Each structure stands twice: as C-alpha cells, then as structure tokens.
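Colleague: Quick note, the sequences are listed as chains H and C, same order. Each residue of the first sequence is one higher than the one before, starting from 1 at the first, in our numbering. Each residue of the second sequence is one higher than the one before, starting from 1001 at the first, in our numbering.
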Amino acid sequence: QKEVEQDPGPLSVPEGAIVSLNCTYSNSAFQYFMWYRQYSRKGPELLMYTYSSGNKEDGRFTAQVDKSSKYISLFIRDSQPSDSATYLCAMSVTGGSYIPTFGRGTSLIVHP
Amino acid sequence: NAGVTQTPKFRVLKTGQSMTLLCAQDMNHEYMYWYRQDPGMGLRLIHYSVGEGTTAKGEVPDGYNVSRLKKQNFLLGLESAAPSQTSVYFCASGGTNTGELFFGEGSRLTVL
C-alpha cells in the first residue's frame, strides 16, 4: 500500500458542478497538506496548502483535512472548463522534512 | 519573474549517449529536486539537494547523477542513456521545510 492513495480518474463533470477530489494517507505524522494543479504539458503549480486539520478557502477552492480519518479533500465550486487538469495531493511531516509525498494525481475534465 | 527554468525543453537521444539537464531558479531557494513523471506512475524523486554543494538520492536514482555547484543551479546528468529513461523530467525548488515546491515546465526526453 502506498503512503498516499489518490484515484487517478478521469473524473468528468459538467460545467458548474461541485467537484470533490480526495486523497487518503497512512502516515499519521503528516502535518502539511498541499494540492497541486497540473495542466497538460506543464509543470505542477501549488494551488493550496493547509497545516494540520481544518478547512481553508480560496475563492472557488476549499481544502479540507480530516486527520482522524487520514483523509484530505479539495472542493471546487462552480467548476469551469479551465479547471480541467490533473490535481495532485502532497503531504509532508513537520520538523525539517524537505520532501513531500505525492499522490499519483486525479485527472479532472469539466465539459461545457 | 522567471521562477524555475529548465533547459532543454525537448531532447532525443540514442541509447548510450550522455546529456545534462539544467535547472535554474531565481527565488534564492535552498532546496532543489529532480523528478521524473511517467504515465500512471506519478512523480518520482530522482535526486535532491538541501543546499549548495549537497546532493542526496531519492526514490529512483540509478542511472542519474547530479551536481549543485551554485545555489541557483541544479544539474541532472545521464551518463549512458537507456530507453527506460524516456520520460518527462521536472525540476523543482523550495524555500521552506514544509514541502511547498515550485516546478519548472518540464523537459521531455526520448531515448531511442
């Protein structure tokens, strides 16, 4: 079992839908949780990050961490075709870990 | 505002040839990384560096060498290319120990 599990999809939704992307993990020492977005033929870009548990909102995006269930989510409201990309979760431990552990990514397609 | 720049963006090699990928960052980041990304495999860490003059092995280091003679540059070398090294290579840098990374646009390498 990988340390971070992420369904590769693809996840296909109509424009305007609420999208839920998820990752599960096994290492309870993870404290930093990140979401990266990767457009086709581009490098990943950091979308959001949260520390420990709770929610964080940025415009149409909400990141949620449930440490008790070892489960993180990214919600996208009012999804747009421009949101079509691969979304990678990543997480790291505190105390000087320079290396995040990435999920394999979920491909999202938002069709008009 | 360049961020992380990779050169070359595309390269075709014959088996046994050597080459070097160059990564340059202008954010004064301490940490730099080389990843490869293959379909269905996600991002896999090849080598990384936690400061000028330092390097360390990642998950898949065999067949690659790296050097970090200057803080802003991180070089990835292939001494004798093999078809299994056909991939997209991403360089990343980070300024904190939380795993937040900034990626380059990628270098597509094909080994025939």
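Even glycine gets a Cβ: it sits at the ideal position worked out from N, Cα and C. Values in this document were obtained by computation on a predicted structure and should not be read as measured data.
(1) Does DSSP classify Pro14 of chain H as helix, strand or coil?
(2) Please tell me whether Ala90 of chain H and Arg37 of chain H are closer than 7 angstroms, where the distance is taken between their beta carbons.
(3) Going along the chain, which residues of its own chain have a beta-carbon closer than 7 angstroms to the beta-carbon of Arg1068 of chain C, five neighbours each way excluded?
(4) In whole angstroms, give me the CA-to-CA distance for Ser1018 of chain C and Leu1078 of chain C.
(5) Based on DSSP bridge pairs, tell me the residues matched to Tyr51 of chain H.
(6) Closer than 7 angstroms by beta-carbon distance: list the chain H residues that pair up with Glu1100 of chain C, in chain order.
(7) Taking the alpha-carbon of Ser123 of chain H as reference, which of H:Gly43, H:Gly59, H:Val65, H:Phe61 has the nearest alpha-carbon?
(8) Could you tell me which uninterrupted beta strand (DSSP E) segments, each at least 3 residues in length, are contained entirely in the region 65-97 of chain H, listed from first to last along the chain?
(9) Can you tell which of H:Leu11, H:Asn22, H:Gly9 has the C-alpha that lies nearest to the C-alpha of Lys70 of chain H?
(10) List the residues of chain H that Val1050 of chain C touches, going by C-beta distances under 7 angstroms, in chain order.
(11) Are the Cβ atoms of Tyr1035 of chain C and Leu1045 of chain C separated by less than 7 angstroms?
(12) Measure from the C-beta of Leu1043 of chain C to each C-beta in chain H and report whether the shortest distance is under 7 angstroms.
(13) Using only CA atoms, which one of H:Lys67, H:Arg77, H:Leu88, H:Met48 lies nearest to Thr106 of chain H?
(14) Does the beta-carbon distance from Ser1084 of chain C to Gln1025 of chain C come in below 7 angstroms?
(15) Nearest chain C C-beta to Phe61 of chain H closer than 7 angstroms, yes or no?
(16) May I ask which residues mark the beginning and end of the beta strand (DSSP E) holding His1047 of chain C?
(17) Output needed for Ala1082 of chain C: all residues of its chain with C-beta closer than 7 angstroms, excluding positions within five of it in sequence on either side, in chain order.
(18) In terms of residues, what are the limits of the beta strand (DSSP E) holding Leu21 of chain H?
(19) When DSSP labels each residue in this structure, what does Ser1084 of chain C get in the three-state scheme?
(20) Is the beta carbon of Arg104 of chain H closer than 7 angstroms to that of Gly1042 of chain C?
(21) Name the chain C residues whose beta carbon is nearer than 7 angstroms to that of Ala90 of chain H?
Modeller: Based on what the coordinates show:
(1) strand
(2) no
(3) Met1032, Ser1049, Glu1052, Gly1053, Thr1054, Thr1055, Phe1074
(4) 5 angstroms
(5) H:Tyr32
(6) Met34, Leu46, Tyr49
(7) There is no way to answer for residue 123 of chain H, as the model of chain H reaches only from 1 to 112.
(8) 71-76, 85-93
(9) H:Asn22
(10) Tyr98
(11) yes
(12) yes
(13) H:Leu88
(14) no
(15) no
(16) 1042-1049
(17) Thr1015, Gly1063, Val1111
(18) 19-25
(19) helix
(20) yes
(21) Gly1099
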